[in-house]
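**Q** Structure below; questions to follow.
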DNA sequence: AATGGAAGTGAAAACCATTACCAATAAGGA
DNA sequence: TCCTTATTGGTAATGGTTTTCACTTCCATT
């Protein structure tokens, strides 16, 4: 289920962290989904394969992964956080349209390169001016989807 | 304290809503602050001038104002929502740098026009493609501030 | 192989921002 | 002023997330 040592093993060793079964299982779940999983989603998925893994560990691991930069954490306003793998073979850089009516999230990858080019420039300027080291950015478009307007 | 009928009175009538003392007080507090106030911040401020106003009303009113488009709601990852007046004499369009270490928020207005120009174009494209009506956007740069890196 | 300390884990309880409920109140047109 | 109905405030509930703490696992060192 967890499979052989994937590409992220090195990162853990580098940070001085241990690679454990729960961590592998959580990363595996994240890498297999293209959705924006909540902590509970991940818990249910992981718990099915490894009933011993508890919800607390899921939260703790997600926090660790976010700190390491392996996972992005989002908040779309529905009262729970969402998590996505930051990089890897199955990921593609995208941003989000957030429907304020039903909470639906639409990913888009179109024009993201263009956005990123501009934002990288702006980021550099801001980074110097505010002495702030930027490691990622998020863009949300808010509005109403076809069903809600 | 609340003052004469400000510019937003018309909007309320237009939507068929009543203009009440709590609503005026909350809008007044928001219009006097340039910070990202939490519901509790607003409650404390409003409650000082009008001890009768309850926390529930603050939440309800903020939700209403967000729906009306008068107020923006943000989530910077510290477990509570933040609110800012969307438009008005004292507001200026800006985005945010979010420190993942201490949670500090830095507003920036530099280059926002440039950003907005690009995002407006992209928004139009996405709007058509996904049949999604966009009414605002948010940009967060995530990283570490000078004290945390 | 045994040991010891540190990192990691799970269950349950605590936390705390937000929401639901409901009786009482106030806004605004008739 | 009266009447209808939106609005309000206190309290209790909700539910995602964090804390606590005893226990387990890992791993470098004997």
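Residue numbers (the numbering used here), protein chains in the order written: chain P, 51 to 199; chain Y, 51 to 199.
Built from N, CA and C at the ideal position, the CB exists for glycine as well.
(1) Please report the Cβ distance between residue 162 of chain Y and residue 143 of chain Y, rounded to the nearest whole angstrom; I am assuming they are in contact, meaning their Cβ atoms lie under 8 Å.
(2) Under a Cβ-count criterion, where at least 16 other Cβ atoms within 10 Å of its own Cβ denotes burial, should residue 159 of chain P be classed as buried or exposed?
(3) Closer than 9 Å, Cβ to any Cβ of chain Y: which residues of the region 169 to 192 of chain P, in chain order?
(4) For the region 151 to 167 of chain P, enumerate the residues whose C-beta is nearer than 8 Å to any C-beta of chain Y, in chain order.
(5) Tell me which residue opens and which closes the alpha helix (DSSP H) that residue 120 of chain Y is part of.
(6) Examine chain P for any beta-carbon lying closer than 9 Å to the beta-carbon of residue 142 of chain Y, and answer yes or no.
(7) Just reading off the beta strand (DSSP E) that residue 134 of chain P is part of, what are its end residues?
(8) Going by beta carbon distance, what residues of the same chain come within less than 6 Å of residue 115 of chain Y, once the five residues before and after it are set aside?
(9) Which two residues bound the contiguous alpha helix (DSSP H) that contains residue 93 of chain P?
(10) Can you pull out the residues from the region 63 to 93 of chain P whose beta carbon lies closer than 8 Å to at least one beta carbon of chain Y?
(11) Please classify residue 79 of chain P: is it buried, with 16 or more other beta-carbons within 10 angstroms of its beta-carbon, or exposed?
(12) What span of residues does the beta strand (DSSP E) with residue 187 of chain P cover, start to end?
(13) With a threshold of 9 Å between beta-carbons, can residue 61 of chain P be considered close to chain Y, or not?
(14) For a test of the three-state rule: what should DSSP assign to residue 65 of chain Y, helix, strand or coil?
(15) Taking only beta-carbon atoms, is residue 54 of chain P less than 9 Å away from chain Y?
(16) Name, in chain order, the residues that DSSP records as bridge partners for residue 128 of chain P.
(17) Looking only at its own chain, which residues have a Cβ that is under 7 Å from the Cβ of residue 211 of chain Y, when we skip the five neighbours before and after it?
(18) What residues in its chain sit with their C-beta under 7 Å from that of residue 55 of chain Y, if we drop five residues either side in the sequence?
(19) Who are residue 147 of chain P's beta bridge partners in DSSP?
(20) With distances taken between CB atoms, is the gap from residue 151 of chain P to residue 198 of chain P smaller than 9 Å?
(21) In this structure, how does DSSP classify residue 141 of chain Y when only helix, strand and coil are distinguished?
(22) Nearest chain Y C-beta to residue 195 of chain P closer than 9 Å, yes or no?
(23) With distance defined between alpha-carbon atoms, name the residue in P:70, P:141, P:135 and P:170 nearest to residue 107 of chain P.
**A** Taking the definition as stated:
(1) Sequence index remark: in the second chain, residue 162 of chain Y carries index 112 (1-based). Sequence index remark: in the second chain, residue 143 of chain Y carries index 93 (1-based). Indeed they touch by this definition, with Cβ atoms about 5 Å apart.
(2) Indexing the first chain from 1 puts residue 159 of chain P at position 109. Residue 159 of chain P should be labelled exposed.
(3) 169, 171, 172, 173, 175, 176, 177, 179, 180, 181, 182, 183, 184, 185, 186, 187, 188, 189, 190, 191 and 192
(4) 156, 158, 160, 161, 164 and 165
(5) Taking the first residue of the second chain as 1, we reach residue 120 of chain Y at position 70. Looking at the DSSP string, residue 120 of chain Y is not in any alpha helix (DSSP H), and its letter there is neither H nor E.
(6) Translated into the one-based positions of the second chain, residue 142 of chain Y becomes position 92. For residue 142 of chain Y, the answer is no, since every Cβ of chain P falls outside 9 Å of its Cβ.
(7) As a first step, residue 134 of chain P is located in the first chain; it is residue number 84 there, counting from the start. Per DSSP, residue 134 of chain P belongs to the beta strand (DSSP E) from 131 to 135.
(8) Looking up residue 115 of chain Y in the second chain gives position 65. These residues qualify, in order along the chain: 121.
(9) Position 43 of the first chain holds residue 93 of chain P. Taken as a continuous stretch (DSSP letters only), the alpha helix (DSSP H) holding residue 93 of chain P covers 89 to 99.
(10) none
(11) Here residue 79 of chain P refers to the residue found at position 29 when the first chain is read from its first residue. Result: buried.
(12) For the purposes of this step, residue 187 of chain P is identified with residue 137 of the first chain, where counting begins at 1. Taken as a continuous stretch (DSSP letters only), the beta strand (DSSP E) holding residue 187 of chain P covers 183 to 194.
(13) As a first step, residue 61 of chain P is located in the first chain; it is residue number 11 there, counting from the start. No, its Cβ sits nowhere closer than 9 Å to a Cβ of chain Y.
(14) Here residue 65 of chain Y refers to the residue found at position 15 when the second chain is read from its first residue. Residue 65 of chain Y falls in the helix class under three-state DSSP.
(15) As a position in the first chain, residue 54 of chain P is number 4, starting the count at 1. Annotation note: pLDDT 44 at residue 54 of chain P (below 50); position unreliable, no value reported.
(16) Within the first chain, residue 128 of chain P is the residue found at index 78, counting from 1. Note: residue 128 of chain P sits in no beta bridge, so no partner.
(17) Outside the shown range of chain Y, which is 51 to 199, sits residue 211 of chain Y, and nothing can be said about it.
(18) As a working mapping, residue 55 of chain Y is identified with position 5 in the second chain. Summary for residue 55 of chain Y: the model assigns pLDDT 48, below 50, so the residue's position carries little reliability; its value from the coordinates is reported in the next sentence. If we look at residue 55 of chain Y and ignore the five residues flanking it on each side, it has no Cβ neighbours.
(19) Locating residue 147 of chain P in the first chain gives position 97, counting from the first residue. Looking at the DSSP assignment, residue 147 of chain P forms a beta bridge with P:156 and P:191.
(20) Within the first chain, residue 151 of chain P is the residue found at index 101, counting from 1. Within the first chain, residue 198 of chain P is the residue found at index 148, counting from 1. Yes. Within cutoff.
(21) Indexing the second chain from 1 puts residue 141 of chain Y at position 91. Residue 141 of chain Y: coil per DSSP, three-state reduction.
(22) Locating residue 195 of chain P in the first chain gives position 145, counting from the first residue. So, interface residue.
(23) Within the first chain, residue 107 of chain P is the residue found at index 57, counting from 1. Of P:70, P:141, P:135 and P:170, the residue nearest in Cα terms is P:70.
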